[in-house]
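Take a look at the structure below.
Right under this line is the structure:
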């Protein structure tokens, strides 16, 4: 069959892509999470590296934060100690000046404070100095104008600190507090304010505040932190790289092994994994190769055995068939002349003839079965109308049916379309089912139903004869199995017919099933996929058949069809009026 | 009748038995038991038909078939113990007209031989003048096929096949109809016979066998004759 393939359409291939770039990128971005999930699922390498980076980051972050905090604390405390020492020194200096004087008038107090301030400025490292009169004193003390460096004027010294210093009046205690100091360039720096009460023996209570800028320490800390960040990042990258290298080292051989086993599974039996070194990977490769070797050996051996068996079957076929042909020719010559022999010899010629025919059938059935067993049975698929095929088979079996007294009817509401089947094999099944129905039909009607649905086409052969028990029906497809060994055989099957039919049906991807009941007859249903290679789905015909209760239901089903004329242009699935048998003789 | 039939078979008993059957039907059998001598036997005896076993000592039956086909269009019927697809198709592709699967019976054998020996039945309705199919002319009485002035050599079977199609140009022939008309099978037969021989025929008559104009395929049904084209230069 030569079929002309329609040229493939290619009109959609050219299309300007410029206007699609925007949405395309957006879609790309939106597809990223799914892409990453895909990598996560598919790539062990990706997964390992992501996990490694994640865990390393957590560990380094923890270590970094701890280091940073402890360095920060350490820096602060050492600076604080330094600051307190310095402030203590300054306070003591001032107090010493005050203690040494005894003036009590306003002017001398002012002078005293000014000289103290000068002294403090020279002895302390701080340039931020403020001296206030302690609150809650008499007028002489408050007459002193508070002195403060510009940076300390705007509420930098908190009320809390002031209250503490006020409460500690008369002692030498130092009070401190962390603050934010404005710096010269408009920003702020971290700082410490140290407060100390001062008392002038005759001039009342005063408070000294010294501000210290911690910008240097903060800069040191941020430098350390920056270093830690960079080191951490580099370390993470390095560990990711190490993980990648290690995973590659391990995965690469596994990948090779996976590819090789896939090839092996596809039938490339000679592929092997390269063996390098003595490590665990090499051991894996060696044992894998060992397995492949033994598998290849066994498969080759099996293939050889199977080939040998097929060759043997083929040889037996030839060797047996040639002498059988001679016997057949000789037997037939004698059979044709049997009238001229004396009765005993004539009968001998007859027996020789029938048994040669039987032997021939048996031989061909055996060869057919052995072909199935060797797996060398192949389908010769062509589009065929099942109805037409069944009509042909019925015509062929008509003489036998007439001899048995059975009337064969066909009822085909569907199945006129052509389906992809091996006509020879399906014809063999139908003929075989008809032969069985005639043999066991007790001369009653035989109904052949054909119907189709979306996925399948089915033919059922129903007889109303003796039927079988359920146990017998279950074994009916076994080789050389006979329902009732004592029954006389009229058609003389080989005992392999139904076994071959079942194999033929299976080869098509179809099903052959039986329903039978003693006294009610049997129904064999063959269901085939409508398109070869597709699943069958549900059968369009019921099993058990719908008419199991009636004795002769053929009239009721409206099965008035004997033979239908074949019109190749018909593709309908409805029953058509059929003409009697006159059609087929003409050309 | 006395048609001469060359029986090429290595099994002496079978060859003798076939001889007996053929003689009983008034044919004249000639025997050859070796594949390598089959062609020599063919050229010396010039038989009307060859019965050829596929499995032969000396030379494969398919090679013998090729050799004879290269020389002559004489009907060849293969005797084969195998009905397996590849062997049968190989035999048909090398030019055998028909095949019989062993074991066969005498009636079958004789019927097959008679079909191949009798002159084309399709011609029975005597046609006046040549038949036209595509740009090809069939002279039925003279058993000649011409395209323009060029003569195309066809075997009798290929001629019958083309004749069957050309004689009813309106009709679509199913493979079964062709099997009945050309090969004489009255019921189920191997449709590969038709497929293979249509291909062989196309290889000879079509100008482009991949794009046939003479023997057209009707998908899912069979074949029909291509539309008649008036030859550019009428001979």
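Chains as they are written, first to last, in this note's numbering: chain A, 826 to 1412; chain B, 136 to 370.
Here a beta-carbon is modelled for each residue, glycine too, at the ideal position from N, C-alpha and C.
| query | For the putative contact between residue 1183/A and residue 1175/A, defined by C-beta atoms under 8 Å, what is the C-beta separation to the nearest angstrom? | reply | Numbered from its first residue, the first chain carries residue 1183/A at position 358. Numbered from its first residue, the first chain carries residue 1175/A at position 350. No, residue 1183/A and residue 1175/A are not in contact; Cβ-Cβ is about 13 Å, not under 8 Å.
| said: Under 8 Å, Cβ to Cβ, is there at least one residue of chain B near residue 1146/A? | reply: For the purposes of this step, residue 1146/A is identified with residue 321 of the first chain, where counting begins at 1. Residue contact with chain B for residue 1146/A: present (Cβ-Cβ distance below 8 Å to some residue of chain B).
| message | Quick check on residue 215/B: does DSSP put it in helix, strand or coil? | response | In the second chain, counting from the first residue as 1, residue 215/B sits at position 80. Residue 215/B: strand per DSSP, three-state reduction.
| request: Ignore the nearest five residues each way along the sequence and tell me which others in residue 210/B's own chain have a CB closer than 6 Å to its CB. | output: Counting from one through the second chain, the residue named residue 210/B turns up at place 75. For residue 210/B, where only same-chain residues beyond five positions count, the Cβ hits under 6 Å are 184, 232, 251.
| Bounding residues of the beta strand (DSSP E) (the contiguous stretch that carries residue 1282/A) | Against the first chain, residue 1282/A aligns to sequence position 457. Here the beta strand (DSSP E) through residue 1282/A covers 1281-1288.
| Unbroken beta strand (DSSP E) runs of length 3 or more, entirely within the stretch 278-309 of chain B: which are they? | DSSP runs (the beta strand (DSSP E)) wholly in the stretch 278-309 of chain B: 279-282, 285-287.
| field | Residue closest to residue 202/B, alpha-carbon to alpha-carbon, out of 172/B, 190/B, 237/B, 272/B | value | By 1-based counting over the second chain, the position of residue 202/B is 67. Looking at the Cα atoms, 172/B is the closest of the given residues.
| message | Does chain A have any CB closer than 8 Å to the CB of residue 192/B? | response | Numbered from 1 along the second chain, position 57 holds the residue referred to as residue 192/B. So, not an interface residue.
| Residue interval of the alpha helix (DSSP H) (run including residue 166/B) | Position 31 of the second chain holds residue 166/B. Boundaries around residue 166/B are those of the beta strand (DSSP E), 163-167, since no alpha helix (DSSP H) includes it.
| request: Pull up the DSSP beta-bridge partners for residue 1340/A, would you. | output: Taking the first residue of the first chain as position 1, residue 1340/A is located at position 515. BP columns for residue 1340/A point to 1348/A.
| Environment of residue 270/B [buried if 16+ CB atoms lie within 10 Å] | Start at 1 with the first residue of the second chain, and residue 270/B comes out as number 135. When all chains shown are included, residue 270/B counts as buried.
| query | Using a Cβ-Cβ cut-off of 6 Å (strictly less than) and excluding sequence neighbours within five positions of residue 1005/A, which residues of its own chain qualify? | reply | Along the first chain, one-based indexing puts residue 1005/A at 180. If we look at residue 1005/A and ignore the five residues flanking it on each side, its Cβ neighbours are 1013.
| Quick one: is residue 958/A buried, meaning 16 or more other Cβ sit within 10 Å of its Cβ, or exposed? | Position 133 of the first chain holds residue 958/A. Residue burial annotation: residue 958/A is buried, with at least 16 other C-beta atoms found within 10 angstroms of its C-beta.
| query | Going by the CB atoms, is the gap between residue 1026/A and residue 924/A shorter than 8 Å? | reply | Within the first chain, the letter at position 99 stands for residue 924/A. Within the first chain, the letter at position 201 stands for residue 1026/A. Contact: yes.
| task | For my contact list, residue 189/B and residue 222/B are in at a C-beta cut-off of 8 Å; report their separation, rounded to the angstrom. | result | Stepping through the second chain from its first residue, residue 189/B is reached at position 54. Stepping through the second chain from its first residue, residue 222/B is reached at position 87. Indeed they touch by this definition, with Cβ atoms about 6 Å apart.
| Buried or exposed by the 16-neighbour rule on C-beta atoms within 10 Å, applied to residue 865/A | Position 40 of the first chain, counting from 1, holds the residue named residue 865/A. By the neighbour-count rule (16 or more Cβ atoms within 10 Å), residue 865/A is not buried but exposed.
| field | Short CB-CB distance (under 8 Å) between residue 165/B and chain A | value | If you number the second chain from 1, residue 165/B lands on position 30. With 8 Å as the cut-off, residue 165/B does not count as an interface residue toward chain A.
| said: Can you check which of these residues, 140/B, 168/B, 158/B, is closest to residue 147/B by C-alpha distance? | reply: Within the second chain, the letter at position 12 stands for residue 147/B. The candidate whose alpha carbon is nearest that of residue 147/B is 168/B.
| Contact the stretch 1217-1227 of chain A vs the stretch 1155-1172 of chain A: 3+ CB pairs below 8 Å | Contact between the stretch 1217-1227 of chain A and the stretch 1155-1172 of chain A is absent, because fewer than three Cβ pairs lie under 8 Å.
| Interface residues of the stretch 342-361 of chain B facing chain A [CB-CB below 7 Å] | The stretch 342-361 of chain B vs chain A, Cβ under 7 Å: 347, 352, 354, 355, 356.
| query | By how many angstroms is the C-alpha of residue 1116/A removed from the C-alpha of residue 1051/A? | reply | What you label residue 1051/A is simply residue 226 of the first chain in a count that begins at 1. What you label residue 1116/A is simply residue 291 of the first chain in a count that begins at 1. Looking at the two C-alpha atoms, the distance is approximately 57 Å.
| query | Should residue 891/A go down as buried or exposed, given a rule of 16 or more other Cβ atoms within 10 Å for buried? | reply | Sequence index remark: in the first chain, residue 891/A carries index 66 (1-based). Looking at its Cβ environment, which holds fewer than 16 other Cβ atoms inside 10 Å, residue 891/A is exposed.
| task | Please classify residue 975/A: is it buried, with 16 or more other beta-carbons within 10 angstroms of its beta-carbon, or exposed? | result | Along the first chain, read from residue 1 onward, the residue named residue 975/A stands at position 150. By the beta-carbon neighbour count (other beta carbons within 10 angstroms, threshold 16), residue 975/A is exposed.
| task | Inspect the beta-carbon positions of residue 1238/A and residue 1276/A and report whether they are closer than 8 Å. | result | Position 413 of the first chain, counted from the first residue, corresponds to residue 1238/A. Position 451 of the first chain, counted from the first residue, corresponds to residue 1276/A. Yes; because the gap between Cβ atoms is below 8 Å, this pair is in contact.
| query | Could you give the distance in angstroms between the alpha-carbon of residue 338/B and the alpha-carbon of residue 331/B? | reply | Counting from 1 along the second chain, the entry for residue 338/B is found at position 203. Counting from 1 along the second chain, the entry for residue 331/B is found at position 196. Those two C-alpha atoms are separated by around 11 Å.
| request: Please state whether DSSP places residue 1226/A in a helix, a strand or coil. | output: Position 401 of the first chain holds residue 1226/A. Here residue 1226/A sits in helix by DSSP.
| task | Return the chain-ordered list of same chain residues with a C-beta closer than 6 Å to the C-beta of residue 1088/A, the five sequence neighbours on each side being excluded. | result | Stepping through the first chain from its first residue, residue 1088/A is reached at position 263. Once the five neighbours on either side are set aside, the close Cβ partners of residue 1088/A are 1096.
| Between the Cα of residue 1323/A and the Cα atoms of 1253/A, 1362/A, 1280/A, which residue gives the shortest distance? | Here residue 1323/A refers to the residue found at position 498 of the first chain. When only C-alpha atoms are compared, the closest one is 1253/A.
| query | What's the gap between the Cα of residue 1404/A and the Cα of residue 1236/A? | reply | For the purposes of this step, residue 1404/A is taken as residue 579 along the first chain, with counting starting at 1. For the purposes of this step, residue 1236/A is taken as residue 411 along the first chain, with counting starting at 1. Residue placement at residue 1404/A cannot be trusted, given a pLDDT of 40 that sits under 50; the coordinates are not used to answer.
| field | Burial state of residue 1292/A, where buried means 16 or more other Cβ atoms lie within 10 Å | value | Here residue 1292/A is taken as the residue at index 467 of the first chain, counted from 1. Answer is buried; the Cβ neighbour count reaches 16.
| request: Please name the residue, chosen from 301/B, 170/B, 163/B, that lies closest to residue 143/B on a Cα-to-Cα basis. | output: In the second chain, the residue the question calls residue 143/B occupies position 8. For residue 143/B, the closest of 301/B, 170/B, 163/B by C-alpha to C-alpha distance is 170/B.
| task | Please check if any C-beta of chain A sits within less than 8 Å of the C-beta of residue 161/B. | result | Numbered from its first residue, the second chain carries residue 161/B at position 26. Taking Cβ atoms only, chain A never reaches closer than 8 Å to residue 161/B, which makes this a no.
| said: Strictly under 8 Å for the Cβ-Cβ distance: is residue 1095/A near chain B by that measure? | reply: Taking the first chain and counting its residues from 1, the one referred to as residue 1095/A is at position 270. False, the Cβ-Cβ gap to chain B never drops below 8 Å.
| Cα separation between residue 1103/A and residue 1109/A? | Start at 1 with the first residue of the first chain, and residue 1103/A comes out as number 278. Start at 1 with the first residue of the first chain, and residue 1109/A comes out as number 284. Each residue's Cα considered, the two are about 10 Å apart.
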